[in-house]
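**Q**
Numbering (full-length UniProt numbering), first residue to last: 1 to 211.
Below is the structure:
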């Protein structure tokens, strides 16, 4: 049996993606606060009611993939491979999550760049991004600790998650601000993860590791 989405589901995916693209374009052109939901809906030729069937607010459009990113990271952690260390498991989840910061089949380079600019320039979006980051890290810390019983103390899991997330995020921002290409930025993020993993390699292997 095929797992491909049916016609109705494909139409919903197209509408959702069109709303995201139109929103980011209008936010970039007119300003986040100045753009109305009615204008976004009109740009996609749907009603405001249809907009609200996909998103609760304009902020939710900007962070359209947050729950998907988190779910994917938690799925990776839950599917720990035999013999995989806690830190290698976290690194695998981090690499997969970082990939969502870059253009792909569903998001054009222009769309990704627009969202990047919005989050950096709109105070309300900066605050929302910070809240989501803390919530995501808290949930990943709990999942990592539960997936690796007896190997990491809670504070070690928290330190590892915070270090990896911060290193990758700052590497991406630094590279983008320096004018690096998307591929150069991706390489910088992966390098930041590698450097951080090297520094975290001793976690869970000390004689005083939690039992």
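Positions of the beta carbon are idealized from the N, C-alpha and C atoms, including for glycine.
Only counting runs of 3 or more residues, tell me where the beta strand (DSSP E) segments fall wholly within the stretch 38 to 112, in order along the chain.
**A** none
**Q** Can you tell me which of 103, 62, 94 and 11 puts its alpha carbon nearest to the alpha carbon of residue 77?
**A** 94
**Q** Which of helix, strand or coil does DSSP assign to residue 33?
**A** Three-state DSSP puts residue 33 in coil, outside helix and strand.
**Q** In terms of residue numbering, what span does the alpha helix (DSSP H) encompassing residue 140 cover?
**A** 123 to 147
**Q** May I ask which residues mark the beginning and end of the alpha helix (DSSP H) holding residue 164?
**A** 154 to 177
**Q** Quick check on residue 181: does DSSP put it in helix, strand or coil?
**A** coil
**Q** Buried or exposed: residue 211, going by 16 or more other Cβ atoms within 10 Å of its Cβ?
**A** Residue confidence for residue 211 is low, a pLDDT of 45 falling below 50, so the modelled location carries little weight and cannot support an answer.
**Q** Leaving out five residues before and five after residue 154 in sequence, what residues of the same chain have Cβ atoms less than 6 Å from its Cβ?
**A** 145
**Q** Among residues of its own chain, excluding the 5 on either side of residue 176, which ones have a beta-carbon nearer than 7 Å to its beta-carbon?
**A** 116 and 185
**Q** Where does residue 11 land, buried or exposed, given buried means 16+ other C-beta within 10 angstroms?
**A** exposed
**Q** For my contact list, residue 63 and residue 132 are in at a C-beta cut-off of 8 Å; report their separation, rounded to the angstrom.
**A** 6 Å
**Q** What number of angstroms, rounded off, separates the C-alpha of residue 163 from the C-alpha of residue 8?
**A** 42 Å
**Q** Do you know whose CA, among 25, 170, 201 and 171, lies nearest residue 108's CA?
**A** 25
**Q** State buried or exposed for residue 85, treating a residue as buried only when at least 16 other CB atoms are found within 10 Å of its CB.
**A** buried
**Q** Give the single residue among 130, 134, 58 and 148 whose Cα lies nearest to the Cα of residue 79.
**A** 148
**Q** Return helix, strand or coil for residue 6, following the three-state DSSP convention.
**A** In the three-state reduction of the DSSP assignment, residue 6 falls in the coil class.
**Q** Whole angstroms is fine: what's the gap from residue 208's alpha carbon to residue 151's?
**A** Low confidence applies to residue 208: its pLDDT is 45, below 50, so where it sits in the model is not reliable, and the reading given next is rough at best. So the alpha carbons of these two residues sit roughly 10 Å apart.
**Q** Ordered along the chain, which non-local residues of its own chain (more than five positions away) have a Cβ less than 7 Å from that of residue 65?
**A** 100
**Q** Around the Cβ of residue 13, are there at least 16 other Cβ atoms within 10 angstroms (buried) or fewer (exposed)?
**A** exposed
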